[in-house]
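Asker:
Number of protein chains: 2
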Amino acid sequence: MTLKELSDLLGLSPTTVSRALNGYPEVSEATRIKVAAAADAHGYAPNTRARALATGRAMAIGHVIPISAKHEMVNPIFADFTAGAGEVYSRNGYDMLMSVVSDQNEKQAYRSFATKRNVDGLIIHAPSLNDERIPFLNDLGLPYVVHGRSSRATAPYAWVDVNNTRAFRRATELLLDLGHTRIALLNGLEHMDFAARRRAGYEAALTARGITPDPALMFSAEMTEAQGHDLTRPLLATSDRPTAILVSSMIMAIGVRRGIEELGLTMGRDVSLITYDDDLSYFRNGSDIPVYTATRSSVRQAGQHAAQLLIDIINGNDSPSELLLEAELTLGTSTGPNRKS
Amino acid sequence: MTLKELSDLLGLSPTTVSRALNGYPEVSEATRIKVAAAADAHGYAPNTRARALATGRAMAIGHVIPISAKHEMVNPIFADFTAGAGEVYSRNGYDMLMSVVSDQNEKQAYRSFATKRNVDGLIIHAPSLNDERIPFLNDLGLPYVVHGRSSRATAPYAWVDVNNTRAFRRATELLLDLGHTRIALLNGLEHMDFAARRRAGYEAALTARGITPDPALMFSAEMTEAQGHDLTRPLLATSDRPTAILVSSMIMAIGVRRGIEELGLTMGRDVSLITYDDDLSYFRNGSDIPVYTATRSSVRQAGQHAAQLLIDIINGNDSPSELLLEAELTLGTSTGPNRKS
DNA sequence: ATCGAAATCCAAAGCGCTTTGAGTGTCTCA
DNA sequence: TGAGACACTCAAAGCGCTTTGGATTTCGAT
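Written as structure tokens, this is what we have:
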């Protein structure tokens, strides 16, 4: 069913039908209702491609999912972020276009979006400290929003981020308050901005209490279950082992816990643990009582915010284009007072 | 840069330029090279929307991601499946269109894809035993591939699935061989086809050894960490507790393990555990030695196969449209002989 | 020299929609 | 009664591409 067929059916011109459906004022309410009814009855919806061509707007947002060639990894938070963003897109009539590329080809994917003109905007993920995508995209001229920040970027850009520094500072302070002084940090890869900020928060809290951060207690790795486990085992086997561990992701924390228990130790008693929790839908932190003490911020909500911000930018509503979300610190059973001192 | 601009630049007609770029034989090799070079130099790529309108092909595949309204859950395997499918799409010049909708609106999302004509095909996930989407999509006339099967569907459809029955039958047999007779099953929701098949495999193995499946040992729930834990606790608190547990997902298994250890029991010694492992990239089963004994099948590869199959169907290459993948059974440290008998 | 096929290239139509600019009635007020 | 204002509606152009059906040139063969 095309517009022309529908208009023939109604004995109207395509113009009028189009205007009726798109809510233009030049058409009477009576015909509008008639047209809408007929469209509904015959299951008519405008052909996206033709409409996009005519209006110059693709009504689609692009997401580039880079796959690390080394580890064949998909960022686990991606599904929930996507879900959040997707809801907002649907609500606003936008489609979500996903491009899965190996991380070397990422820029090419952005360029391709721009030249093929099949999206009106982009969301980019996981920025590094000085992310080269930002100047690149500024040149490209396609609206975009960054999920996260890039501390050393000089050009302006729109972003939605969590206050990672504050979150890790508070988590560290909690552990200090519980009497822990040897606190390990199992962080994500620190060329990533979020990880650098988390480390800064951790170090700031220690320094403020007169403790010099010990490089032997700080680790930076991919945030997998296996890494969590593999880093924890040797760490806890030393004589002056830490009494508390700060972990950058739930998934990694699962591995840490596995390591703790393999050594016959008990989490929350022998070793305290605080983790960052992205509130992933399939991995909620316990059912009633949280298992892990955690700083939590919903990545799904971040997705909603980022999507809304991008749509605002595309529509030219220049509301503030930066949004800093706060994580909340929730007590679980994984922390307790230091018993070793 | 449009085709017209490029052709003006080259002193050729748009026709010739278009043909040169699309590899039609009516253009000399010399001009083809010249055109390609110019296109490259000026960063020209055909406008997707215009091309789609002209060719009648959207060069895009739709995925509908239903969000369970009740639990606000995103299927965790979705990210990896998507990654696999996305690779194949990219390689073949297809875009991936994602539509996130609450599960009540799912059909509407398919219909919208069909009427708006912005995709050439669909992939659908998580079919139930008698999935109503199959007749619905057959009517709709948009090519599609099902990830999974729908046992009670009468109409034919293309699918890619894992041999769930066989996988669970083999896993159960392994436990039986180890002397376990009271084997619990923590399954996914059994209106889902995959879960029903897994249960069938489990029951078949038991029955073949003369053991009547005990309803008190069979559970069907959402496959979250919390559910795994919450089901395990009371299960292992009974006097005639099972000595082995078969679990339908790694994530759930993590929760089961937590339950086991909270009770002071040791996995692999006091309780054996076998889990189904989708080989999720962020949740590999241990680094060197697998932690869990598991039946594994890569959901990412399933994504690749499904995407390829769909593209084949769209292109009219009618290769066989059904693909059954086998899961492999890998020994980890979570299983051991029954010590209780 | 001439013809026909092969090799190139092009003009123009068309994909299905939006939107501009104009046209036709109908109403209101002088 | 006539003129202007208003409410509707429409024809046609245009978005950027592909593709049909010709037109032109080249060249070996007659």
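Which chain is which? The protein sequence lines are A and B, in order.
Sequential numbering of the first sequence, starting at 1, is according to UniProt numbering.
Sequential numbering of the second sequence, starting at 1, is according to UniProt numbering.
Where is the CB? At the ideal position from N, CA and C, for every residue including glycine.
1) Within 10 Å of its beta-carbon, does glutamate 5(A) have 16 or more other beta-carbons around it, so buried, or fewer, so exposed?
2) Do you know how far the Cα of threonine 243(A) is from the Cα of valine 256(A)?
3) Hey, out of Pro76(B), Ile311(B) and Ala45(B), whose CA is closest to leucine 280(A)'s CA?
4) Could you list which residues in chain B have their beta carbon closer than 9 angstroms to that of leucine 53(A), in chain order?
5) Determine the burial state of serine 18(B): buried for a count of at least 16 other Cβ atoms within 10 Å of its Cβ, exposed for fewer.
6) Determine the closest residue to aspartate 240(A) out of Ala216(A), Thr335(A) and Thr154(A), with distance taken between C-alpha atoms.
7) Any C-beta of chain A sitting closer than 8 angstroms to the C-beta of glutamate 328(B)?
8) Distance cutoff 8 angstroms, beta carbons only. Does phenylalanine 78(A) sit that close to anything in chain B?
9) Considering only residues of the segment 76-129 of chain B, which uninterrupted alpha helix (DSSP H) runs meet the minimum length of 4 residues and lie entirely inside it, listed in chain order?
10) Mind the definition here: the segment 307-319 of chain A touches the segment 141-157 of chain A only if three or more C-beta pairs lie below 8 angstroms; say whether that holds.
11) Following the continuous alpha helix (DSSP H) through arginine 300(B), name the residue where it begins and the one where it ends.
12) Quick one: which residues of the segment 128-154 of chain B get their C-beta closer than 8 angstroms to a C-beta of chain A? List them in chain order.
13) Across the segment 224-238 of chain B and the segment 192-209 of chain B, are there enough close Cβ pairs to call them in contact, namely three or more that are closer than 8 angstroms?
14) Would you say isoleucine 289(B) faces chain A, with C-beta separation under 8 angstroms as the test?
15) Excluding the 5 residues flanking valine 247(B) on each side, which residues of the same chain have their C-beta closer than 6 angstroms to its C-beta?
16) Residues in its own chain within less than 6 angstroms of lysine 34(A) by CB, not counting five upstream and five downstream?
17) With a CB to CB cut of under 7 angstroms and the five nearest residues on each side skipped, what residues in its chain are close to alanine 109(B)?
18) Answer with yes or no whether the minimum CB distance from glutamate 225(B) to chain A is below 8 angstroms.
19) Between the beta-carbon of alanine 79(B) and the beta-carbon of methionine 96(B), is there less than 8 angstroms?
20) What residue from Thr232(A), Asn315(A), Asp131(A) and Glu106(A) has the CA that sits closest to glycine 121(A)'s CA?
21) Report the rounded CA-to-CA distance for threonine 212(A) versus glycine 179(A), giving the unit in angstroms.
22) Could you check whether glycine 43(A) and threonine 115(B) sit closer than 8 angstroms to each other, using their CB atoms as the reference points?
23) Taking only the alpha-carbon atoms, compute the straight-line gap between alanine 184(A) and leucine 236(B) and give it to the nearest angstrom.
24) By the three-class DSSP mapping on this structure, what secondary structure does leucine 323(B) have?
25) Starting from arginine 284(B), find everything on chain A with Cβ-Cβ shorter than 9 angstroms and list it in chain order.
26) Under the DSSP definition of a beta bridge, which residues are partnered with isoleucine 289(A)?
27) How many whole angstroms separate the CB atoms of alanine 302(A) and valine 160(A), which I take to be in contact at a CB cut-off of 8 angstroms?
28) Could you tell me whether any Cβ in chain B is nearer than 8 angstroms to the Cβ of isoleucine 65(A)?
29) For glutamate 328(A), which beta-bridge partners are listed by DSSP?
30) Show which residues of chain B have a CB atom less than 7 angstroms away from the CB atom of aspartate 230(A).
31) Between the alpha carbons of arginine 269(A) and glutamate 203(A), how many angstroms are there, rounded?
32) To be precise: take each residue of the segment 113-127 of chain B, compare its Cβ to all Cβ atoms of chain A, and keep it if any distance is under 8 angstroms. Which residues remain?
33) According to the neighbour-count rule (16 or more other Cβ atoms, all chains shown, within 10 Å of its Cβ), is isoleucine 311(A) buried or exposed?
34) Between which two residues does the alpha helix (DSSP H) harbouring phenylalanine 219(A) extend?
35) Does the beta carbon of serine 7(B) sit closer than 8 angstroms to a beta carbon anywhere in chain A?
36) Have a look at Leu323(A), Arg209(A), Pro156(A) and Ser298(A) and flag the residue whose alpha-carbon is nearest the alpha-carbon of arginine 170(A).
Answerer: For this structure:
1) Burial call: exposed.
2) Rounded to whole angstroms, the separation of the alpha carbons of threonine 243(A) and valine 256(A) is 13 angstroms.
3) Pro76(B)
4) Asn47, Arg49, Ala50, Ala52 and Leu53
5) buried
6) Ala216(A)
7) no
8) yes
9) 78-91 and 106-116
10) yes
11) 299-314
12) The residues in question: there are none.
13) Inter-segment contact for the segment 224-238 of chain B and the segment 192-209 of chain B is absent: fewer than three beta-carbon pairs are separated by less than 8 angstroms.
14) no
15) Leu186, Ala253, Val256 and Thr275
16) Excluding sequence neighbours, lysine 34(A) sits near nothing in its chain.
17) Val64, Ser99 and Val101
18) yes
19) no
20) In terms of Cα proximity to glycine 121(A), the closest of Thr232(A), Asn315(A), Asp131(A) and Glu106(A) is Asn315(A).
21) 16 angstroms
22) yes
23) 34 angstroms
24) strand
25) Thr224, Glu225 and Ala226
26) Note: isoleucine 289(A) sits in no beta bridge, so no partner.
27) Confirmed, Cβ separation roughly 6 angstroms.
28) yes
29) Arg296(A)
30) Ser287
31) Distance from the CA atom of arginine 269(A) to the CA atom of glutamate 203(A), rounded to whole angstroms, is 24 angstroms.
32) Thr115, Lys116, Arg117 and Asn118
33) Isoleucine 311(A) comes out buried.
34) Segment 218-220 is the beta strand (DSSP E) holding phenylalanine 219(A); no alpha helix (DSSP H) there.
35) no
36) Arg209(A)
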